[in-house]
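Colleague: Heads up, the sequence shown is in my numbering, so the first residue is 1 and it goes up one at a time.
Idealized CB from N, CA, C, for every residue including glycine.
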Amino acid sequence: MRGAVAVSTDLENLQVVQGAEKLTLYQFNTGQAKHYFCSVCGIYTFHSRRSTPTQYGVNASCIEGLSPFDFADVPVLEGRSHPKDRGGGPLTAGWLSYRANERT
Numbered sequence: 001m002r003g004a005v006a007v008s009t010d011l012e013n014l015q016v017v018q019g020a021e022k023l024t025l026y027q028f029n030t031g032q033a034k035h036y037f038c039s040v041c042g043i044y045t046f047h048s049r050r051s052t053p054t055q056y057g058v059n060a061s062c063i064e065g066l067s068p069f070d071f072a073d074v075p076v077l078e079g080r081s082h083p084k085d086r087g088g089g090p091l092t093a094g095w096l097s098y099r100a101n102e103r104t
């Protein structure tokens, strides 16, 4: 469970501008998806998608100027079964909502 807010981008739109030498590749199960993590701190950075091979899922926290708190509602995917293994799209288990504290 990585607990990251992931945004999508097409493969050609992702550019690692620094620290590429620190990325570690992890593959599991079918080996189709490629998950990249920082070898120093362990944060999940991005991954190529098995479900949509033309896209990357990118940790919003790794994009300069973007924060997980920029999203009011974030779907939480079930994550146990892969869409390609059951013939459908992702299963949404629920939603996380962010509301800023009102300032007095």
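Taking the alpha carbon of residue 23 as the point to measure from, which residue in 7, 46, 6 has its own alpha carbon closest?
Modeller: 46
Colleague: Which residues share a DSSP beta bridge with residue 34?
Modeller: 48
Colleague: Just to confirm before moving on: does the CB-CB distance between residue 93 and residue 77 stay below 9 Å?
Modeller: yes
Colleague: Can you pull the DSSP bridge partners for residue 97?
Modeller: 73
Colleague: Express the C-alpha separation of residue 32 and residue 42 in angstroms, rounding to a whole number.
Modeller: 21 Å
Colleague: Measuring CA to CA, which of 49, 70, 19 is closest to residue 28?
Modeller: Nearest in C-alpha terms to residue 28, of all of 49, 70, 19, is 49.
Colleague: Check residue 29 in the structure and name its three-state DSSP category.
Modeller: DSSP places residue 29 in coil when its eight states are reduced to three.
Colleague: Would you kindly report the start and end of the unbroken beta strand (DSSP E) that includes residue 20?
Modeller: First-last for residue 20: undefined, no H or E at that position.
Colleague: Taking the alpha carbon of residue 87 as the point to measure from, which residue in 68, 51, 95 has its own alpha carbon closest?
Modeller: 51
Colleague: With H, G and I counted as helix, E and B as strand and the rest as coil, what does DSSP make of residue 6?
Modeller: strand
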